[in-house]
Every structure is written in C-alpha cells, then in structure tokens.
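K.L.:
Residue numbers (this note's numbering), protein chains in the order written: chain A, 1 to 214; chain B, 215 to 428; chain C, 429 to 760; chain D, 761 to 1092.
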Amino acid sequence: MQYFSNAGGAVVVRRMIETIRAHKDYLGEIDGRIGDGDHGINMSKGFTLAGERIGPADGFSSSIRILSQVLLLEIGGSMGPLYGSFFKAFFKLSKDTEKITAPLFLAMLESGTAVVKELGGAEVGDKTLVDTLTPAIAAFKEALANDRSFQDALVACVKAAAAGKDSTKEMLAKIGRSARLGERSRGVLDAGAVSSFLILDAMAQQISEIMQSD
Amino acid sequence: MQYFSNAGGAVVVRRMIETIRAHKDYLGEIDGRIGDGDHGINMSKGFTLAGERIGPADGFSSSIRILSQVLLLEIGGSMGPLYGSFFKAFFKLSKDTEKITAPLFLAMLESGTAVVKELGGAEVGDKTLVDTLTPAIAAFKEALANDRSFQDALVACVKAAAAGKDSTKEMLAKIGRSARLGERSRGVLDAGAVSSFLILDAMAQQISEIMQSD
Amino acid sequence: MQRIINNPDNLVDEMVAGFSLAHSDLIAPTANPRVLKYKAAPVPGKVGVVTGGGSGHKPAFIGYLGRNMLDAVAVGEIFSSPTAKSFYDAIKAADAGRGVAVLYGNYSGDNMNVKMARGEADDDGIVVKTVVANDDVASAPVTERHKRRGVAGEVLMWKVGGAKAALGGSLDEVIAVAQKAIDQTRSVGIGLTPCTIPAVGKPNFTIAPGTMEVGIGHHGEPGIRVEALKSADEMAKLCLDLILPDLPFAGGDEVVVLVSGLGATPVSELYVFYRKVAEILGAKNIRVVRPYVGNYFTSLEMTGVTLTLMKLDAELKALIELPADAVAFKQF
Amino acid sequence: MQRIINNPDNLVDEMVAGFSLAHSDLIAPTANPRVLKYKAAPVPGKVGVVTGGGSGHKPAFIGYLGRNMLDAVAVGEIFSSPTAKSFYDAIKAADAGRGVAVLYGNYSGDNMNVKMARGEADDDGIVVKTVVANDDVASAPVTERHKRRGVAGEVLMWKVGGAKAALGGSLDEVIAVAQKAIDQTRSVGIGLTPCTIPAVGKPNFTIAPGTMEVGIGHHGEPGIRVEALKSADEMAKLCLDLILPDLPFAGGDEVVVLVSGLGATPVSELYVFYRKVAEILGAKNIRVVRPYVGNYFTSLEMTGVTLTLMKLDAELKALIELPADAVAFKQF
Ligand SMILES: Nc1ncnc2c1ncn2[C@@H]1O[C@H](COP(=O)(O)OP(=O)(O)O)[C@@H](O)[C@H]1O
Ligand SMILES: Nc1ncnc2c1ncn2[C@@H]1O[C@H](COP(=O)(O)OP(=O)(O)O)[C@@H](O)[C@H]1O
Ligand SMILES: [Mg+2]
Ligand SMILES: [Mg+2]
Ligand SMILES: [Mg+2]
Ligand SMILES: [Mg+2]
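Below, the structure written as structure tokens:
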C-alpha cells in the first residue's frame, strides 16, 4: 500500500508554501477583478511566516499545524479562518500516525472541507474554494473505491480540482466580497478556488515525489 | 486738442471687459505656471459681473466706477483690491470732466499706479503688473512732453507696456505667490503684467476709435 | 504610488503605533499589537462594546474608541478582517463581567473571525452577543438584507450601542438597541476614483474618468451600476432615491444624516452634497435632527461619498444625543 | 475631474450653505453670504477674533469658528483671498466693543484686503489689530521671515488667540500672545500629487510620480526642491531637519505637534508619519505635550503632509490646553 512518511512530510507543506509565494501576484490579480485584490498578499504573508517557523525537526503534521496556527492567529481575512481550519483538520487526523495513506488523506480532505463549508456557509456553485475542493475529494474517493493507488487518486484529484476551479469562471458569485456583483462576477475565476487548486496540486506533486510503498 | 467724451466712454470699459473675458484661459495658464492658476477666473468673473451692471446711461467714469466697486467688494484675491483701487483712481479724477484729454488720462494712470504700488508694495523688477504700468506711463508722459498727440502717446504707451510685460519673463518673482520660487520663476511671464498689458491695450484701441478733436 | 509609508507590510503596525502615541489621553495599547482599547476599559459595571475590521477606513474603526463609544477594537490588515485571535483579545479587553457586544460589519471574513473568537470567549465564560451591520442598500435587494454589507451606518450603530452600554444597559438591551439602530439605517455610496492597497501597488479596479460607480463598496467592490458622472445635486437625489424607499423613510420622520467622504474628496464638496440632501429631505418633511458631515468611514484615497440615514424613535434619539468622546467623534 | 460639485462658480456659496445647515448648533450665517460667525458672536465683553482666506483648505477656515476659537470668518473663492468687504463684515460681526484681532496668513491678497477692511473699520471706530502668520520655513530664509507664508500653524495661532480672548484678554494681550504663538511656530509641507481648482478644470502644476515636492505651498506653489519620493520615516526626518534648527527647538523644550494631511492622503499614513516624528523628538528630549494628527488644513485633493511644531512656554501651554468647541476642533 502506498503512503508517505509523516516524519519526512514537511516537504509537502514546504511545497505548498513555495507555490503560494510564487503565485502571489497572480492571486492578487484574480481577486482584484471582482474582489479587493488582497488574496495574494494575505495568502503569501501567512504561508511565508509559516515557512520561516517550520524547523528541521518538523514532520508533515507539525508543519501543517504551524501553517494552520499562523493562518488562524495571525492572518485574519477570510482565508485565515478558512484555510486555518482546513489545515487544522489535517493536523488533527494525522498527528498520531507515521504512515499517511490514501484513506487517511481522504479523511483529512473531507474533514477539512467540511469545516470550511460549515464556517463559511458556502456550497458548490457559490464561486468559492468549495468548488475546487468538493469535486477534488469526490474524484479522490472514487479512485479509491475503484481500487486505484494513492498516486492515481492524487492525479484524479488534481484533475478534478482543476476542472472545479475552472467551473467557477462562469459562476455568479454568491458569497464573499463579490457576492453581489451579479452578472459582473461572471467570466472571472474565483481567487480562493484558484489558490485551493494550487495547494492541492502542490501537495499531490510533492507527495508523489516522496511516495513509498509497503 | 484730442480727447474722448466721458459720456460716450463706456465703450472703453466694455472693451477691457471683452478683452479680459477673451483671455480668461490664457491668463489662468500663465498664472498656473508659477502661481495658483486662478488669475483668469478671478479677472473674468469681476469684469463679467461689471459688464452686466453697466447700463446704457453710463459713461466712462460711472462704468469704471462699477468695475472698480465689483473688484473691490466682490472679487477679493490680489486683483480685487489692486485693480479695484487702480480703477477707482480713474473714476475719481474723471468724474467731473466731460472731455478726457491726454493730461487727464496721464494723471489717472499715474494715480492708479501709485495706489497699486502703495497697496501691494511692489516696485519695478518684482515681476508684477507694476512692471507693465510703470514704463507704460513713462512712455505716455514722454510723448506728451515731446508735444505728441493723445493718439501717439497711446501708441507709445502700449508699446512700452508690451515691452514691460515681456520684461517680466526673465525676472525673478519678488512678490505674491510666486515670490519664493527663486530661479524657478524665471522664463515665465507674470500673469498680472499680462492682464495689465491687455487692459492698457484695450483702452488705447477703444480710445483711438472714439477719439475727437477740438 | 504617491504615499507616505515605509514598508507596506508594516503599514498597519506603524499606523497603530502612531495612533497610540498621538492619542494616549484616550487610547491604550494592549498586549496584542492588533488590539487597541479605550483607556478606561474594561469600564467597571459596563457591558463591553467591541468592533473590528480591516484597516484603510480611518477614522474607522479605532477612531471610535472612547468614552460612551467603543471599548476595544480588533485591527486587521488593509481591507482584511482582523484575526479571530484579535477579536478574542478585544473581547477580553472590553469585558467587565457584564458581557460584550460585538457590533461589526457584514463581511465574510469578519463573520468567520468573530464566530471563532466568540467560541473562544464562550470557553472563558464571557457572554458575547453580536449585531451585524448591513446598512448598504446597494449590496443586495431588501428581501435579502442579511446579505448586505455594513458601511458608514456602523458609526451610528456604535454610537447608539456605546451610549446604551454607558447608561448601564444590560447586554441584551445593548444588543437590542444596536440591532434596532442598524435596522433603521440605510446607506449608499458613490465612487469616483479607485484606491490602491499599498502592498498591491496599483488600483485593483478602475472608474473611468467621466463616470461614477453607484453603490460602490468600501473596498472598491463594484457598485450596482456605472453611470455618467453627475452633478452634486443629482448625486444627492440619486442616493436618496435609493435610500428613502428602502426603509422606507416618510414625511414626519426624524432622522440622523451622515455624509462621509471616501477619503480623497475635499470636505467642501461633502457640504455641497449635504446642502442638496437637506433641501430634498426638507421638501419631504423629513426632519434632520443631527447631521454629521466629514470623513467618518473612508476607503484609503478613494474619491466619492456615502450617504447614511437613520430613522429615529425616542430611544435612538436620546442615545444619539448622549455626549461621546472618541478621537473621531466628539460630541458634548 | 472626478468631483462632487455643481457649477464650479457656485461651489463656495453652496459649500457655505451646506456648512451652515449642517452646523447650525455652532455657526450662524450673516447678512454677507461670504461671512460666517460663531453663533454667540459678538460675545459680550470679549475681544473679537477673526480670520479669513481662500476656500479649498477645509476645515480651515470656517471649521475653527466656535467657542474659545474664532468669532467670524471671511470666505474667499477657492485659493483666493476674501474681499475687503467680507473681511470688514467679519470684523463687524465679531466686534463686541473691545476691539477685533484679525489673525490671518501672509498672502499678498489677504494682506491687501485686510488692510482695506481695517481702513473701513477704523472709520467706524472699531479698533482692529492684526497678526500675520508666517510659519512656513520653506517659503523664505529665516532672515526674511516677514516674507514667509502662513500655513497650518495658523490653527495653533487661532487656538491661542481665541483662548486668550475667551479668558478676557484685552486686544493688545490677544495680539501679543497670538504673535508669540506664531513666532514660536514652524511648519513645512511635502506635496505628493497636485490638486485641481474646479473652475480651472486641470491641475495647474504637476508632481511627477516617484518624486515629491519639499516645501510645497498650500495652493500648490512650488516647493524649495523636488526629490525622489522617500519613505514616511525619511519624510519625517527631512521635515524636522528643516524645522528644528529654524527656531531653533532644543532638548528640554515642550512642544505642540500638528500633522495635517493636504487632503487626499489617507489618515492612516499621517499616523505612520507621526510615529517617526515622535520617535525623533523623543530621542532629542523634546517633549510633545499635545499632538494633533488629522486633516486640519488641506489643499483640496492634494496628497501630502505638513508638519508644524510650536514651542511652548507656560502661557502658551495653558492657552493650548483650554477647552474649545469648533466644528473641526473639539477639545474638552
Ligand atoms: N464564506 C466563505 N466561504 C468560503 N469561501 C469564501 C467565503 N468568503 C470568501 N471566500 C473565499 O475567499 C476568497 C477571497 O479571499 P481573500 O481575498 O483573501 O479575502 P477577502 O475576501 O477578505 O479579501 C474568495 O475568492 C472565496 O473563494
Ligand atoms: N503685492 C502685489 N503687488 C502687485 N501685484 C501683485 C501683488 N501680489 C500679486 N500681484 C499680482 O497678482 C498676480 C496674481 O493674481 P491672481 O492670480 O489673480 O491672485 P492670487 O495671487 O491671489 O492667486 C500676479 O501675477 C502679480 O502680478
Ligand atoms: Mg480579497
Ligand atoms: Mg493666482
Ligand atoms: Mg480583503
Ligand atoms: Mg489665487
């Protein structure tokens, strides 16, 4: 069965951090079209801070906890509580486990997304990160149900995440700052949908690189 | 001896008004380079108001009194008191005289300019309307001393006024808003010097047109 | 970007530091650099009144800390909700044992962060109740008022809630009257030029010269429509046409009017605008009991104006009239 | 031009009308539409305190009408001195028989119009004395102080003069202390973007992006030099380097600091600037007794800041500390 090592998994978190930092301006630009343009700044600030605090002794769980705490305690905005709670679920479910397998990863995704939906009140179709996360989880789950490998499930997951993210383009925003733009919110991707795609993609790529089997 | 009729002299004031109105934007532009850009507005507003109040029964003296009062009472700025007092001198000296001759016109110019200098404290070389008025008066006076006609004296006066106005271009401003620009005030005409040239020129042209002899 | 800043990342911290230094007669810092409090808070025996929000709306939010107004404020990044921790710390800084009213604006970040802060405060046994301002008529139809944003009407909500708390009201009473205040309040804004978040470095939206955006949000969220730029008088009429039928306000009503600039509009122009507002209300026999005109709730250097009306009853009127002493709201 | 105006020619009248409507608790109109007065003026037994100037500097000048401040103000067109008649009418509106102090700024139009107004008042037997503010260090060398412009330091001169009059001072005492106030006051401004007189329709000067104009005047008069745009901290240092040696201010001094925005600069940035000013003064052992930070004296929608310092003695300190109630200056 495929897994990745919790002890060696800090790189997964680091990979997310790099990706968000690299896309700071892009995320700001997308948010700027129908929001207030600060999504890149908010995200990059939190992820950078977390990056500075993750030490050589940290594994996946403790690294993602650091990220979660920075977001929750020091970032604010919408993304602080949403992503903070999202990653907190990853920490909670993985903290006592050394081998992170596909079913555990699925559970983390599901739990994190449930908290995001509960806290923010967003459903699929509202033009938020939920539109990326929900189909991504479904694809991952389906792959597992079809006895595909962790690796394959990640590929399916990212593919669905990309489609989910793209689906926000033609949606009418129903939540957040752009919620009342009506028709004017169409034709533009949602910033949170994009950042959550980037996060899933970065995780999947890095997990693939450190994937082990037993 | 040449003269113009006080009773028929409202046209002289009207001609000034037209000229100032026609040069509103130009005066603003010049003032804008080293001042605050409102000279055209200030002047045009006062002259326009006066134009509306001058009636068919008004002659030169009563018309110029209306102009003087509007400037003094309703315009403010620097130009209100300076031109207001300037024209008040014209009214005072001409009010009891029907035939306005060259010596009387000279006396009005001299008295008006003296008030301007007293009130504003400007001397030749300070880059103000005094740089137009002073040589213009000297030229008018010299023409009379040489037994030239009112008509000829006016031509000499306007020529000297033009030269005086142009002389402000290379001056360092020493008074008013641009006074402390130092070198930066060089290379630009002074707005008041230009407007006073326009006023003298308009008066001279109109007086020539209604000039009579006895 | 022609701004008076150092590193944009430090802007909020330096602004808070400067504010604390300048107003130490009224304001005190707390252990959390993103929470400021009224010097006398927690005021013994008084319900605490708290708010918070993104920075860039000076004098909101910290300018309303003071006597008979707010006890503590959570400070966010420019246009970004404060952290849950800051809201939580603000609640603690304001709590004198009679509970804390968090009176804030309807933005998803603020909703979430207040919710999480409230959860923490619950664990400490601090009773927290909230009122969510949603006075911006342009941000959703009246049938979906819960979706509307909170804008300059928040100032009046704080005034009323702060006054009720100062007069000894219980938490439930403070909450009830703050809720009534915002329910009776309607606002709308017009944007004329955009603003730039310093860390972003360029405006994230545009308003074409010669046009105006009606119903613009306080963070540059696009308005309900873009129109050709109108005269001040027409803008006043247009704003009232959106506000008056919404509550509705009617002849015989007594109102508070608040005209706030969005930051860069010369205050003279706000008075030109107010003149017409007063004239129209007068013609409709709506009596302005108290007008406020100035920069009460801004959006960095955006140009434009917001108009807010609150319909008064005897209770609201008395609470509005109570003296207050905050940096940006001195009434005696 | 993205402005909230009607016909630009009516801007000042409409602004005055809106202001009178909004602040009828404190302000009263007079027969001259270009003169506003403190409602209680002329205050029996008190020396009248008057000022006036061009419009476009909101809240100056009319925002300082009120209790223990100004009694009457002459209102000019945008950036243009009021008429002599308006100054004269303001003097009459303020006169309670003990004479009138006209405390105004050093601009040639104002000098001339006040001079002519004073002539008229003399004929009526009203004793008028004047103090001409010249606090702007950038506008002439210290050896030619009489040529310097008056800028935001005027607010402190009005505060001091208004307080002295309110405390029963004679005309000579009011004049003496207002003169001392301005003699002890130094200001300098930095401009970052230009402004547009609405009737002109376009800026009459430019400040290239990435540069700043040090020593800019309140009407956009060019400064003493143009430099590359600096950080807020460097701007603060630069302003103090111009101001401190000019008086000079020295360790052990007690000062009032007034930081005013020029109109469009977000107030948050004024606090960032003030933070550094306070730090530098602290390091030099110059004690800030009272800081004022806000839009006290603006230039339409210009972006930038002015810094003003006044050195206190016991008399000035007491007068600064006296409560005051004006639209733009409430101190209790
Ligand atoms: N209530 C919510 N539930 C889920 N996602 C939300 C919610 N509110 C906002 N978002 C997401 O947040 C993104 C914007 O984040 P960001 O720009 O960082 O914060 P802010 O909206 O406070 O400026 C949106 O693109 C959207 O995906
Ligand atoms: N003290 C003075 N004496 C003579 N002329 C002056 C004086 N002050 C200003 N001026 C003239 O006034 C002109 C500017 O007028 P204007 O722009 O209407 O007024 P302001 O300077 O108040 O904006 C200058 O070009 C100069 O010629
Ligand atoms: Mg955003
Ligand atoms: Mg001018
Ligand atoms: Mg934001
Ligand atoms: Mg002017």
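For each residue, glycine too, the CB sits at the ideal point set by N, CA and C.
Could you pull out every unbroken alpha helix (DSSP H) segment of at least 4 residues lying fully inside the stretch 11–44 of chain A, listed in chain order?
P.N.:
The stretch 11–44 of chain A contains these whole alpha helix (DSSP H) runs: 24–34.
K.L.:
Using a cut-off of 8 Å between C-beta atoms, extract the partners of N766 (chain D) located in chain C.
P.N.:
Here residue 766 (chain D) corresponds to residue number 6 of the fourth sequence, with the count starting at 1. The answer, in chain order, is S659, A660, D661 and V700.
K.L.:
Measure from the C-beta of E74 (chain A) to each C-beta in chain C and report whether the shortest distance is under 7 Å.
P.N.:
Working through the first sequence from its first residue, we reach residue 74 (chain A) at position 74. Yes, contact with chain C.
K.L.:
Taking the CB atoms as reference points, tell me whether M1070 (chain D) and Q944 (chain D) lie closer together than 7 Å.
P.N.:
As a working mapping, residue 1070 (chain D) is identified with position 310 in the fourth sequence. As a working mapping, residue 944 (chain D) is identified with position 184 in the fourth sequence. Going by C-beta atoms, M1070 (chain D) is nearer than 7 Å to Q944 (chain D).
K.L.:
Relative to ligand 4, what is the chain-ordered list of residues with a Cβ closer than 5 Å to any of its non-hydrogen atoms?
P.N.:
Residues flagged by the Cβ proximity filter: B:D245, B:G249, B:D250, B:D252 and B:H253.
K.L.:
Which residues of chain C have a Cβ atom closer than 7 Å to the Cβ of E1029 (chain D), listed in chain order?
P.N.:
As a position in the fourth sequence, residue 1029 (chain D) is number 269, starting the count at 1. By Cβ distance, chain C contributes R431, I432 and I433.
K.L.:
Name the residues in the stretch 240–262 of chain B whose C-beta lies less than 9 Å from a C-beta of chain D; which are they?
P.N.:
Those residues of the stretch 240–262 of chain B that come within reach of chain D (Cβ to Cβ, closer than 9 Å) are G242, E243, D245, G246, R247, I248, G249, D250, G251, D252, G254, I255, N256 and K259.
K.L.:
Are there 16 or more other CB atoms within 10 angstroms of the CB of M477 (chain C), so buried, or fewer, so exposed?
P.N.:
Taking the third sequence and counting its residues from 1, one reaches residue 477 (chain C) at position 49. Checking the displayed sequence, the identity of residue 477 (chain C) turns out to be Val instead of Met. Looking at its Cβ environment, which holds 16 or more other Cβ atoms inside 10 Å, V477 (chain C) is buried.
K.L.:
With a threshold of 7 Å between beta carbons, is G77 (chain A) in contact with chain C?
P.N.:
Within the first sequence, the letter at position 77 stands for residue 77 (chain A). Interface residue, yes.
K.L.:
L403 (chain B) to P569 (chain C), Cα distance in whole Å?
P.N.:
Here the question's residue 403 (chain B) lines up with position 189 in the second sequence. Here the question's residue 569 (chain C) lines up with position 141 in the third sequence. Using only the alpha carbons, I get a separation of about 59 Å.
K.L.:
Within 7 Å (strictly less), CB to CB, does G869 (chain D) reach chain B?
P.N.:
Residue 869 (chain D) sits at position 109 when you count from the first residue of the fourth sequence. G869 (chain D) counts as touching chain B.
K.L.:
For L740 (chain C), does the three-state DSSP call read helix, strand or coil?
P.N.:
To locate residue 740 (chain C), count along the third sequence from 1; it is residue 312. In the structure shown, L740 (chain C) sits in coil (DSSP, three-state: anything other than H, G, I, E or B).
K.L.:
Does the distance from the CB of F677 (chain C) to the CB of V687 (chain C) come in under 7 Å?
P.N.:
As a working note, residue 677 (chain C) is residue 249 in the third sequence. As a working note, residue 687 (chain C) is residue 259 in the third sequence. Result no, Cβ atoms of F677 (chain C) and V687 (chain C) do not sit closer than 7 Å.
K.L.:
Kindly give me the distance between the Cβ atoms of A193 (chain A) and G35 (chain A), rounded to whole angstroms, as I take these residues to be in contact under 8 Å.
P.N.:
The count along the first sequence starts at 1 and reaches residue 193 (chain A) at position 193. The count along the first sequence starts at 1 and reaches residue 35 (chain A) at position 35. With 8 Å as the limit, A193 (chain A) and G35 (chain A) do not qualify as a contact, their Cβ atoms being about 12 Å apart.
K.L.:
Whose Cβ in chain D lies nearer than 8 Å to the Cβ of D669 (chain C)?
P.N.:
Looking up residue 669 (chain C) in the third sequence gives position 241. Residues of chain D passing the Cβ test: none, with the nearest at roughly 17 Å.
K.L.:
Taking P789 (chain D) as the query, report the chain B residues whose CB atoms sit under 8 Å from its CB, ordered along the chain.
P.N.:
Position 29 of the fourth sequence, counted from the first residue, corresponds to residue 789 (chain D). What P789 (chain D) touches in chain B: nothing, since even the nearest Cβ is about 18 Å away.
K.L.:
Mind pulling the chain D residues with CB within less than 8 Å of E729 (chain C)?
P.N.:
Here residue 729 (chain C) corresponds to residue number 301 of the third sequence, with the count starting at 1. Within chain D, the residues near E729 (chain C) are A1024, T1025, P1026 and T1063.
K.L.:
Mapping the DSSP letters down to three states, classify S276 (chain B) as helix, strand or coil.
P.N.:
Numbered from 1 along the second sequence, position 62 holds the residue referred to as residue 276 (chain B). Residue state, collapsed to three classes: helix.
K.L.:
Closer than 6 Å to a non-hydrogen atom of ligand 2 - does that hold for the CB of G527 (chain C)?
P.N.:
Indexing the third sequence from 1 puts residue 527 (chain C) at position 99. Result no, Cβ not under 6 Å from ligand 2.
K.L.:
Buried or exposed: where does P637 (chain C) fall if 16 or more other Cβ atoms within 10 Å of its Cβ makes it buried?
P.N.:
Counting from 1 along the third sequence, the entry for residue 637 (chain C) is found at position 209. Burial call: exposed.
K.L.:
Helix, strand or coil: how does DSSP classify S208 (chain A) here?
P.N.:
The residue labelled residue 208 (chain A) in the question sits at position 208 within the first sequence. Correct three-state label for S208 (chain A): helix.
K.L.:
So that I know if they touch, is there some Cβ in chain D lying closer than 7 Å to that of F515 (chain C)?
P.N.:
Stepping through the third sequence from its first residue, residue 515 (chain C) is reached at position 87. Taking Cβ atoms only, chain D never reaches closer than 7 Å to F515 (chain C), which makes this a no.
K.L.:
Cβ of I137 (chain A) within 6 Å of any heavy atom in ligand 1?
P.N.:
Here residue 137 (chain A) refers to the residue found at position 137 of the first sequence. I137 (chain A): no, Cβ never under 6 Å from ligand 1.
K.L.:
Out of D:I886, D:K875, D:A1088 and D:G980, which one is the CA nearest neighbour of G455 (chain B)?
P.N.:
Nothing about residue 455 (chain B) can be reported from this structure: the residues present for chain B run from 215 to 428 only.
K.L.:
Considering only the alpha carbon of each residue, which of A:I30, A:G51 and A:T128 lies closest to V12 (chain A)?
P.N.:
Here the question's residue 12 (chain A) lines up with position 12 in the first sequence. Out of A:I30, A:G51 and A:T128, A:G51 has the C-alpha closest to the C-alpha of V12 (chain A).
K.L.:
Which residues of chain B have a Cβ atom closer than 7 Å to the Cβ of I950 (chain D), listed in chain order?
P.N.:
Position 190 of the fourth sequence, counted from the first residue, corresponds to residue 950 (chain D). Under the 7 Å cutoff, chain B gives no residues; its nearest Cβ is about 16 Å from I950 (chain D).
K.L.:
According to DSSP, simplified to helix, strand and coil, what is M761 (chain D)?
P.N.:
Counted from its first residue, the fourth sequence places residue 761 (chain D) at position 1. Residue state, collapsed to three classes: coil.
K.L.:
Leaving out the 5 sequence neighbours to the left and right, which residues in its chain are closer than 8 Å to L144 (chain A) when beta-carbon positions are compared?
P.N.:
If you number the first sequence from 1, residue 144 (chain A) lands on position 144. Taken in chain order, the residues that qualify are A102, P103, L106 and A153.
K.L.:
Count the C-beta pairs between the stretch 1075–1085 of chain D and the stretch 820–840 of chain D that are closer than 8 Å, then say yes if the count reaches three, no if not.
P.N.:
Yes: the two stretches touch, three or more of their Cβ pairs being nearer than 8 Å.
K.L.:
Assign F507 (chain C) to one of two classes, buried (16 or more other C-beta atoms within 10 Å of its C-beta) or exposed (fewer than that).
P.N.:
As a first step, residue 507 (chain C) must be located in the third sequence, where it is residue number 79. Its Cβ being crowded by 16 or more others within 10 Å, F507 (chain C) is buried.
K.L.:
Which of the three DSSP states, helix, strand or coil, is assigned to P1051 (chain D)?
P.N.:
For the purposes of this step, residue 1051 (chain D) is taken as residue 291 along the fourth sequence, with counting starting at 1. DSSP places P1051 (chain D) in strand when its eight states are reduced to three.
K.L.:
Buried or exposed for E183 (chain A), going by 16 or more other Cβ atoms inside 10 Å?
P.N.:
As a working note, residue 183 (chain A) is residue 183 in the first sequence. The residue in question, E183 (chain A), is exposed, as its Cβ has fewer than 16 Cβ neighbours within 10 Å.
K.L.:
So, are the CB atoms of V892 (chain D) and N873 (chain D) less than 7 Å apart?
P.N.:
Counting from one through the fourth sequence, the residue named residue 892 (chain D) turns up at place 132. Counting from one through the fourth sequence, the residue named residue 873 (chain D) turns up at place 113. Not a contact, by the Cβ cut-off of 7 Å.
K.L.:
Shorter than 6 Å, the distance from the beta carbon of M544 (chain C) to the closest heavy atom of ligand 1, or not?
P.N.:
In the third sequence, residue 544 (chain C) corresponds to position 116, counting from 1. For ligand 1, not one heavy atom lies less than 6 Å from the Cβ of M544 (chain C).
K.L.:
Interface residues of chain C around R184 (chain A) at Cβ under 7 Å?
P.N.:
Numbered from its first residue, the first sequence carries residue 184 (chain A) at position 184. Those are P650, listed as they occur along chain C.
K.L.:
Once you ignore the five residues that flank H647 (chain C) on each side, which residues in its own chain have a CB closer than 7 Å to its CB?
P.N.:
If you number the third sequence from 1, residue 647 (chain C) lands on position 219. So the list reads F507 and S727, once near-sequence residues are dropped.
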